[in-house]
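In full-length UniProt numbering, the protein residues as written are 1 to 129.
The beta-carbon is built from N, C-alpha and C at its ideal position, and this holds for glycine as well.
One structure is given below, encoded as structure tokens.
Below, the structure is given as structure tokens:
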């Protein structure tokens, strides 16, 4: 995977999805349906902000909930699976976002990932509760 800064310089990571042939909008949607919160984001060299080539991932919410370095490896594995699901769906539907999004509901692999993400994340507390 390609990070925009070739590393993590601070609490934000900008993941460039263009080497995978994906857009930030598609990966954002897959992640949303897998109960993972991130944002599509333009990356250097994008032709238009309307079709962003990356996603922005922040760590503060998870560190506040007690995530360790090992936990972030698990988060990375979840994100990789989202990318792989997006690639499979795009291969089946083509490049149009509308067709891509229409194919996501009922995707068994995505449903299984969502269940795994929700079960894992529920083991962490919420500050102040």
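Between residue 117 and residue 78 a beta carbon distance of about 6 angstroms is seen, short of the 8 angstroms cut, so the two are scored as contacting. Each of 48, 112, 66 was checked against the Cα of residue 123, and the nearest Cα belongs to 66. Annotation note: the UniProt domain "Serine hydroxymethyltransferase-like" (2 to 78) contains the following uninterrupted alpha helix (DSSP H) runs of length 4 or greater, listed N- to C-terminal: 24 to 33, 60 to 64. Residue 110 places its beta carbon less than 8 angstroms from that of residue 104. It is roughly 11 angstroms from the alpha-carbon of residue 119 to the alpha-carbon of residue 35. Judged by DSSP in its simplified three-state form, residue 98 adopts helix.
Each residue's CA atom was taken as its position, placing residue 108 and residue 16 some 26 angstroms apart.
Residue 54 places its beta carbon less than 8 angstroms from that of residue 24.
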